[in-house]
Each structure stands twice: as structure tokens, then as C-alpha cells.
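Reading through the C-alpha cells given below for one structure.
Protein chains: 4
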Amino acid sequence: MAEPQEVQDRREQILEAAVAVFAERGYQRATVKEIAARAGIAPGTIYLYFRNKRELLLALADTLIRRAAEALLAPGDDLDVRSRLALILRDRLRFVRENQGLLRALATEIWTDRELAAQFFGEVILPVIGAGSLYIQERVARGELRPFQAEVVLPAVVGGILLISILRMMAPDSPAAALSEEEVVEELVRLYLHGLCSHPEEEWDVR
Amino acid sequence: MAEPQEVQDRREQILEAAVAVFAERGYQRATVKEIAARAGIAPGTIYLYFRNKRELLLALADTLIRRAAEALLAPGDDLDVRSRLALILRDRLRFVRENQGLLRALATEIWTDRELAAQFFGEVILPVIGAGSLYIQERVARGELRPFQAEVVLPAVVGGILLISILRMMAPDSPAAALSEEEVVEELVRLYLHGLCSHPEEEWDVR
Amino acid sequence: MAEPQEVQDRREQILEAAVAVFAERGYQRATVKEIAARAGIAPGTIYLYFRNKRELLLALADTLIRRAAEALLAPGDDLDVRSRLALILRDRLRFVRENQGLLRALATEIWTDRELAAQFFGEVILPVIGAGSLYIQERVARGELRPFQAEVVLPAVVGGILLISILRMMAPDSPAAALSEEEVVEELVRLYLHGLCSHPEEEWDVR
Amino acid sequence: MAEPQEVQDRREQILEAAVAVFAERGYQRATVKEIAARAGIAPGTIYLYFRNKRELLLALADTLIRRAAEALLAPGDDLDVRSRLALILRDRLRFVRENQGLLRALATEIWTDRELAAQFFGEVILPVIGAGSLYIQERVARGELRPFQAEVVLPAVVGGILLISILRMMAPDSPAAALSEEEVVEELVRLYLHGLCSHPEEEWDVR
DNA sequence: GATGAATGAGTGTTCATTCAT
DNA sequence: CATGAATGAACACTCATTCAT
Numbered sequence: 001m002a003e004p005q006e007v008q009d010r011r012e013q014i015l016e017a018a019v020a021v022f023a024e025r026g027y028q029r030a031t032v033k034e035i036a037a038r039a040g041i042a043p044g045t046i047y048l049y050f051r052n053k054r055e056l057l058l059a060l061a062d063t064l065i066r067r068a069a070e071a072l073l074a075p076g077d078d079l080d081v082r083s084r085l086a087l088i089l090r091d092r093l094r095f096v097r098e099n100q101g102l103l104r105a106l107a108t109e110i111w112t113d114r115e116l117a118a119q120f121f122g123e124v125i126l127p128v129i130g131a132g133s134l135y136i137q138e139r140v141a142r143g144e145l146r147p148f149q150a151e152v153v154l155p156a157v158v159g160g161i162l163l164i165s166i167l168r169m170m171a172p173d174s175p176a177a178a179l180s181e182e183e184v185v186e187e188l189v190r191l192y193l194h195g196l197c198s199h200p201e202e203e204w205d206v207r
Numbered sequence: 208m209a210e211p212q213e214v215q216d217r218r219e220q221i222l223e224a225a226v227a228v229f230a231e232r233g234y235q236r237a238t239v240k241e242i243a244a245r246a247g248i249a250p251g252t253i254y255l256y257f258r259n260k261r262e263l264l265l266a267l268a269d270t271l272i273r274r275a276a277e278a279l280l281a282p283g284d285d286l287d288v289r290s291r292l293a294l295i296l297r298d299r300l301r302f303v304r305e306n307q308g309l310l311r312a313l314a315t316e317i318w319t320d321r322e323l324a325a326q327f328f329g330e331v332i333l334p335v336i337g338a339g340s341l342y343i344q345e346r347v348a349r350g351e352l353r354p355f356q357a358e359v360v361l362p363a364v365v366g367g368i369l370l371i372s373i374l375r376m377m378a379p380d381s382p383a384a385a386l387s388e389e390e391v392v393e394e395l396v397r398l399y400l401h402g403l404c405s406h407p408e409e410e411w412d413v414r
Numbered sequence: 415m416a417e418p419q420e421v422q423d424r425r426e427q428i429l430e431a432a433v434a435v436f437a438e439r440g441y442q443r444a445t446v447k448e449i450a451a452r453a454g455i456a457p458g459t460i461y462l463y464f465r466n467k468r469e470l471l472l473a474l475a476d477t478l479i480r481r482a483a484e485a486l487l488a489p490g491d492d493l494d495v496r497s498r499l500a501l502i503l504r505d506r507l508r509f510v511r512e513n514q515g516l517l518r519a520l521a522t523e524i525w526t527d528r529e530l531a532a533q534f535f536g537e538v539i540l541p542v543i544g545a546g547s548l549y550i551q552e553r554v555a556r557g558e559l560r561p562f563q564a565e566v567v568l569p570a571v572v573g574g575i576l577l578i579s580i581l582r583m584m585a586p587d588s589p590a591a592a593l594s595e596e597e598v599v600e601e602l603v604r605l606y607l608h609g610l611c612s613h614p615e616e617e618w619d620v621r
Numbered sequence: 622m623a624e625p626q627e628v629q630d631r632r633e634q635i636l637e638a639a640v641a642v643f644a645e646r647g648y649q650r651a652t653v654k655e656i657a658a659r660a661g662i663a664p665g666t667i668y669l670y671f672r673n674k675r676e677l678l679l680a681l682a683d684t685l686i687r688r689a690a691e692a693l694l695a696p697g698d699d700l701d702v703r704s705r706l707a708l709i710l711r712d713r714l715r716f717v718r719e720n721q722g723l724l725r726a727l728a729t730e731i732w733t734d735r736e737l738a739a740q741f742f743g744e745v746i747l748p749v750i751g752a753g754s755l756y757i758q759e760r761v762a763r764g765e766l767r768p769f770q771a772e773v774v775l776p777a778v779v780g781g782i783l784l785i786s787i788l789r790m791m792a793p794d795s796p797a798a799a800l801s802e803e804e805v806v807e808e809l810v811r812l813y814l815h816g817l818c819s820h821p822e823e824e825w826d827v828r
């Protein structure tokens, strides 16, 4: 356990197995034995790298938090409003898709584990909302977007992305999964920029 | 199990306790013993009314499904678009709030229990989406709303409502919880009807 | 678990098995499974009556303490010094013999478990010493015994009884085990009353 | 294991660490890892010098046995009875004090490990008793001491010394620990030579 | 019907021991 | 020789479920 790199590799290997088992079975039903088997090691070995089963979960939460932080570093201030929003939505959809396993792994425990809930909502959801808020409010200042209640609109947008992603993940044969990700982005941009009202002047504005 | 009414009452009594314990502890951590204690009966008695612990969960899912079905029977076809949408959103927010316990009780297991997931998404989320879809598409036909991809927009709206509700429930001191439910509805109506673009003609339309 | 008597009986049954297994194997090597087997019950049942394995040990310590307290209530103030001392020694020897199992059960843990050590020395050994001290000091006051340092003499006497008992228990074929308990008492009385010096006048005093 | 001296040093180093950890935690709770850490080596290294954990314990028993044998080689045949007895008692008290760690290290296992018990009682306690017996019986032959049952008296004396030592070690604030070792020796000499009876002629004999 | 004591399979975790480096 | 990561058997403890009362 001397070489930091080897330790990191082992941890990764174990966490990968943990993600798979947690996502499939849920945290509680997942057994350390099964995680070890999936990682191709003995159960005892896990305890050389993590204090206990729960530390696996917290490490996964940490991974998600780090990835969320990275994903937020999206550039694109020079884009027009429409493209900017599309970029953000596309990024978020991809983030959920790419971190599906992690999200599923945490999904069963977030609701009853206070520490985990605090981490997840405090360091993933709220920052995502906050970051979106920043970019968008800027456009408000420029007059490109109208003023709005960010504390309502942002969660609404993020929640929309999440549920669409969840439906596409969990019910791949539902109508929500039939469209391409890009089509979803287009439709959401339309919704969030112009709403559903029938505006005559909107015709030339869209696409 | 002779008298149907008494049996129903007992089942209710047990399910109420189960909701409380599942919501607080999550399905897996909840013990039959604790549910029995909360219901004021002996653990063994539960097994006279439910085959096993999991049947409690399925019964709760059933309850939620029934309540969702009832909640969808909202009238109001004579209202203008704006009021109609507000009514729907208000209803959904209330539904989540009033069934908070049930939703939390199911939250931990939905992600890994295929049968439960099928029930929840198939008989709660999709019907809610479908019902909304129906009402709203009608307005499209009347030309009051523009045409849109229902399979994207509806999940987006429902997901928005869910996340806003979740944030208000799980982080009561977050900004999302500061506004009244009516203010949230107003803001969502604005968002979903007109979007965020700055339309001059929108000014007099808001509030 | 309603009837106090039945609960007590079950506890006794379990503790009896625990004494046997602890005495034979030592606390650490003893397994709950084996205790359960010896008690003729399932392992899980033990946990209905004791919080954990250690509680078994503490309960045994408690039993020993209670028995030691009872054993100290020895009468006999009207006896002459010689008979009184013989009575005390005989009682103590018997106490050790009769509580052999309990003593062996505690023997392995007393040295490293602070709480247990405090209980054992504080509530068994020291009271035994203290009680002996009382009776004997009284004789000093009457001039029947010479003044002495109780804090040295009493531990010396108790330690002597303990080691003799231990040798008789653990090495039944050693010379120490060849004599009858009564002969041991006689010899100890001689030792503690008159010492080993050759006193001419002592001859007629002995036996 | 080439150089006998280096090997011996390593063994000593490991055994010293083992004494410390066994004494503090007891044999079963002590971990090989902790012993290695205390010895400043890797766990695996211990197995180059000892077959297994138990061999450490047996080696410690051996050390104690060797030290006990050395300690018995006490001269002093030219002393008067009183001084001789004082010398023996003083030696034994010192032996216990100086080998406190070893004794504590063995204390938890002696009661359940037959081989260890045989070694400890057979090669430490009984020889100590036997040696004392020899010296003292000689005095009996010379008429300086009265005849007595060595198999009772010697264990009584040794047991006394042990318990006094134990109390002084484990309860340093008890009355037994208040006196100096020399005062203890004095009091024991008085006890074992003259007993507790009030003998007029004893006055000038003591001290 | 109701009880709740009993069950025992199943889990997280520890740790003596091995062995490739 | 020395290392220390890996092993996996073993154990305390939990808890859904049963069933005699």
C-alpha cells in the first residue's frame, strides 16, 4: 500500500465493482462478498482500502461530486442565448447518462441517509442549479432573458432533465426514450425559451 | 379475516405504520418489529394480513396508484389556458405534498425492485404524464397552445414539480422552500407558457 | 418474555451454558453458537435475553458478586479464635470450590477488562478481605490476637486460599490436592495462628 | 536465521513487543500486526522467527520459566531463620514485580491452555514452592522451625505473595499498595514465623 | 384471531497466516 | 532476509418469518 498509484488503482477497481453491485441491487442488498467477487478479490481485501461498506458509498458520492464539479466548468459565454441554453441542457443530459451507474448506486440511500442526502443535494444538485443560475442570470442582465425566480425555474429545469433521463434509463421502451438526445434538447430549449403559448412571432424564432 | 371491514381497518392500521417507518428508515432498514410496535400490535399479527414484508411495500405502491388515479380526475375544462395549467400544477404539487410519506416510503426501493419500478412508473408517473398530456393537447387542438413533443415536455414539467417538491421537503431551509406554493405555481405557469425569453408583449401578461 | 419467572429461568439456562463454555475455552474463544448449543437453544435466542456476548460475562460477574456477598454473612461470634478462624477458612475454601466454574469463566478476562477487574477486585476480593478483617480485628481488640497490618495479612491469607484452591483445581494430582479440605484448614489455622517457629508450648495447642 | 546472535536479538525484540501487547490487551485481543508495529517490523517478519502467534506465548512462558529458575538460585544458608525467610519473601516479591509484564502476558491464557498451564504451574509455581520447601524444611530438621505440611504451607505463602503483588499492581491506590515492599516483608515474616496469636514472649522476638 | 418467543440463515468485519516481490 | 498486500475462514449479531399457546 506504499505506492499511491497502486492504492488508487485498487480503490478504483473496488469502487467500480461497488457501483455495479449497488446500482443493480441497491446499497443494502449488496453484499461485500459480491462486490469483492465482482472486483476479483477477496472480501477482506476491501477492508484494506475502505474502512467499511458505508465508506464505499461515501466514496462514490465523492466521485459524483467531483465529476459534477468538473462538468460545470462549461465554457461558451460567447454563444447566443439559444445555443448557450442548448449547450447546458446537452451537458446535463450527458452528465446524467454518463453517471447513470453512480446515480443509481446512490439512489436507494439518498432518501434516508442524512449525511449522504446533505452531500448529494448540497454538493451536486444545488451547485448544478447554482451554476446554471449564474450563466442564465447574466443573460437576464443583458436583457436577453426576462427576469425570473431562479429558485423555482432552475430546479424545474434540472428536475425536468432528471426525470427525462430517468425515464429514458428505466423505461427504454417508453415514448420518452424514442427521441434522440439532440431532439430532446431542441424541444427543451423551445419550452424553456418560449413556453407553450402559441406566439405567431415565435415561428421564425425557433430553429 | 372474516369481517371484510375489520380486516380492511387492520390493514390500514398496519400500512399507516409501515408508511411511517419505511419513510423514516427506508424499506430495508425498517424492521417488521418496529412497524408492529408503531401499529400497536404484535409482529406476528402483521403476517395475518400480509404475506411478508414486501407485500406491505406493494400495498403501499397500490395505495399511491389509487390516489394518483383519483387525483387525475380534475375538472376545469371551462377555464382559460392559464388557469387550467395553474390548476394542474397546483394539484400536482399538492399531490406530492400530501403523499410525501408514501413517496418517501417507496423511494428507496423503486430503483432496484423491478416490479415496483414497473408499477410506479407505469401506473403513477406515466398516467400523470398522460393525463396532463390529454388536457393540454386539447388546448393545442384549439390553437391555444402551440404543438409540441408531449413525450419530452410532460416529463419535463412533472420532473420539475417533483424536484421542486423534493427540495422543499428535504431541504426546508433552501431557497426553493422560501416561496409559497402559490408563488411557485405562478412562476411555473409563466415558465411553461411563455418561457424565459424577453418578450415585450409579455409584460402585461404576467401576474 | 412477559413472565418474570420464565425470563429468569431462561437467563439462568443461558448463563449456565455460558459458565461452562467460558470456563472451558475462555471468554474469547467461546462462541455464542457453542453456548447456544450447550443451552439447547438457537444462537439468536441468546440475544433476546442478553444484549451481547459481553453482557453474559458481566452477568456472570454479577452472580459471583452476589454469591460472595451472601457467603460473607457467616455467623459465629461466640466461637473461640481457633474455631472462628477455621470456620472462615473453611467457608472461603468451599466458596472457591463451589464457584469454581464462575471463577474460571471470569479468569481469562479479568486481567485486561478494566470494568470487570474493577468489579471483581472491588466487589469480591476487597469485600472478602474487608469482612475477614472486621471479624479478626475484633479479636485483636479483645486481646485474643496480636495487632497486625491488616492490609498485608488479609491479602496474604486470601491469596493463600486462592492458590491452594487453584492448585487443587488445576492440578488434582499435585501434592496440594492430596489432603482433605479439613486437613488444609487445620494446617492453615496452625500457620496463621502460631506461625512456623518451633514453640515448645505450642505442641499441646495443635490439633 | 544464519547468525545465532542476530536471530536471538530479533527474537528478543519481537518477544519484548509481544509482552507489551499481550500484557495490555490479553493474548486473544492482541494482534500480530500490533506486535509487529511495536517491534518496528513487518507482520510477516514475525513468522520468520516464530511459527505462529501461539509460539510467541510459549516463548514468553519459557522466558518466565528460565527467570524463575535463576531467581531460585538464592544463597544464604548461613543466615538465621528470620533473615532467611525475609530474604526469600523479598526475592519473590521482587520477582513478581520485575516480571509483571510477563505474568500479565500469560495471565489470560493460563486458565484455558492446558500446555501453558502445565508449563506455568509445573515449571514456575511448583518449583518455586519446591525450592522454598527445601530451604525451609532444612530448618525444620535443625529444629529451628516446627514440622508442617509443606504442600499446604508453601502454596499458602506463595499465594499470599502473589495476591499482594497483584493487588499492588492492579489497584495501586488500595491500602495494600500503601506500604513499602520492606514493610510487607516484615509483616509477612511475623505472620509466617509467629502467627497472629498474642504470645507474650513474642514481643522481644519481633523486629 | 392474536401473540411474541424462538429460530437460523445471512452479513459485515477481523485477523492469523502466506507468499510474491 | 524482509516486506506487507492479499487471503478467507470464522464470528457476533440481526431480523423476517413461524408456530405453539
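Chains as they are written, first to last, in the numbering used here: chain U, 1 to 207; chain R, 208 to 414; chain B, 415 to 621; chain E, 622 to 828.
The beta carbon of each residue, even a glycine, is placed where N, CA and C say it ideally should be.
Check                                                                                                                                                : Outcome
Along the alpha helix (DSSP H) that carries Gln-235(R), what are the first and last residues, could you check?                                       : Gln-235(R) -> no alpha helix (DSSP H), and no H or E assigned at all.
Examine chain U for any beta-carbon lying closer than 8 Å to the beta-carbon of Pro-382(R), and answer yes or no.                                    : yes
Buried or exposed: which applies to Ala-42(U), given that a residue is buried once 16 or more other Cβ atoms fall within 10 Å of its Cβ?             : exposed
Bridge partners for Leu-755(E) per DSSP, in chain order?                                                                                             : Looking at the DSSP assignment, Leu-755(E) forms no beta bridge with any residue, so it has no partner.
Of all the options Val-157(U), Thr-112(U) and Ala-17(U), which has the alpha carbon lying nearest to the alpha carbon of Arg-92(U)?                  : Val-157(U)
Rounded to a whole number of angstroms, what is the C-alpha to C-alpha distance between Ala-68(U) and Ala-237(R)?                                    : 32 Å
Determine the closest residue to Arg-114(U) out of Ala-39(U), Leu-58(U) and Gly-40(U), with distance taken between C-alpha atoms.                    : Leu-58(U)
At 4 residues or longer, and completely inside the stretch 750-801 of chain E: list those alpha helix (DSSP H) runs for me, N to C.                  : 771-791
Whose CA, out of Leu-766(E), Glu-772(E) and Ile-785(E), lies closest to the CA of Val-567(B)?                                                        : Ile-785(E)
Among Ala-521(B), Ile-543(B), Arg-498(B) and Leu-516(B), whose alpha-carbon lies nearest the alpha-carbon of Gly-781(E)?                             : Ile-543(B)
Under 8 Å Cβ-Cβ, which residues of chain R neighbour Pro-155(U)?                                                                                     : Gly-367, Leu-370, Ile-371, Leu-374 and Ala-383
Return the first residue and the last residue of the alpha helix (DSSP H) that Ala-249(R) is part of.                                                : Element bounds for Ala-249(R): n/a, residue is neither H nor E.
Would you kindly work out how many angstroms separate the C-alpha atoms of Arg-703(E) and Tyr-756(E), rounded to a whole number?                     : 12 Å
Can you tell me whether Ser-754(E) is buried or exposed? The criterion is at least 16 other CB atoms within 10 Å of its CB, across all chains shown. : buried
Under 8 Å between the Cβ atoms of Glu-394(R) and Gln-149(U)?                                                                                         : yes
Quick one, which of Glu-277(R), Ala-383(R) and Glu-241(R) has its alpha-carbon nearest Ala-227(R)'s?                                                 : Glu-241(R)
Along chain U, in chain order, which residues have C-beta atoms closer than 7 Å to that of Ser-405(R)?                                               : Gly-143, Glu-144, Leu-145 and Arg-146
Could you give the distance in angstroms between the alpha-carbon of Trp-111(U) and the alpha-carbon of Ala-230(R)?                                  : 8 Å
Applying the 10 Å Cβ sphere with the 16-neighbour rule, what's the burial state of Gly-195(U)?                                                       : buried
Please name the residue in Leu-429(B), Asp-494(B) and Ala-453(B) whose C-alpha comes closest to that of Phe-464(B).                                  : Leu-429(B)
So that I know if they touch, is there some Cβ in chain R lying closer than 8 Å to that of Trp-204(U)?                                               : Any reading at Trp-204(U) must be qualified, since the residue scores a pLDDT of 41, below 50, and its modelled position is unreliable; the value itself is stated next. So no, Trp-204(U) is outside the interface.
Tell me where the alpha helix (DSSP H) around Ser-497(B) begins and ends.                                                                            : 495-512
Span of the alpha helix (DSSP H) holding Leu-323(R)?                                                                                                 : 321-327
Report the rounded CA-to-CA distance for Gly-350(R) versus Ser-198(U), giving the unit in angstroms.                                                 : 7 Å
Any beta carbon from chain B within less than 8 Å of Gly-816(E)'s own beta carbon?                                                                   : yes
Within 8 Å of any Cβ in chain U, is that where the Cβ of Gln-326(R) sits?                                                                            : no
How is the alpha helix (DSSP H) around Thr-63(U) delimited, first residue to last?                                                                   : 53-72
In angstroms with no decimal places, state the Cα-to-Cα distance between Arg-217(R) and Lys-260(R).                                                  : 15 Å
Could you tell me the alpha carbon to alpha carbon distance between Ala-799(E) and Met-791(E), rounded to whole angstroms?                           : 13 Å
Where Glu-802(E) and Arg-711(E) are concerned, what is the direct C-alpha to C-alpha distance, given to the nearest angstrom?                        : 8 Å
Would you decide whether Leu-79(U) is buried or exposed? Buried here means 16 or more other CB atoms lie within 10 Å of its CB.                      : exposed
If we count the other Cβ atoms within 10 Å of its Cβ and call it buried at 16 or more, is Ala-519(B) buried or exposed?                              : buried
For a contact meaning CB atoms closer than 7 Å, what does Val-184(U) contact in chain R?                                                             : Val-359
What residue from Ala-639(E), Gly-647(E) and Glu-744(E) has the CA that sits closest to Ser-588(B)'s CA?                                             : Glu-744(E)
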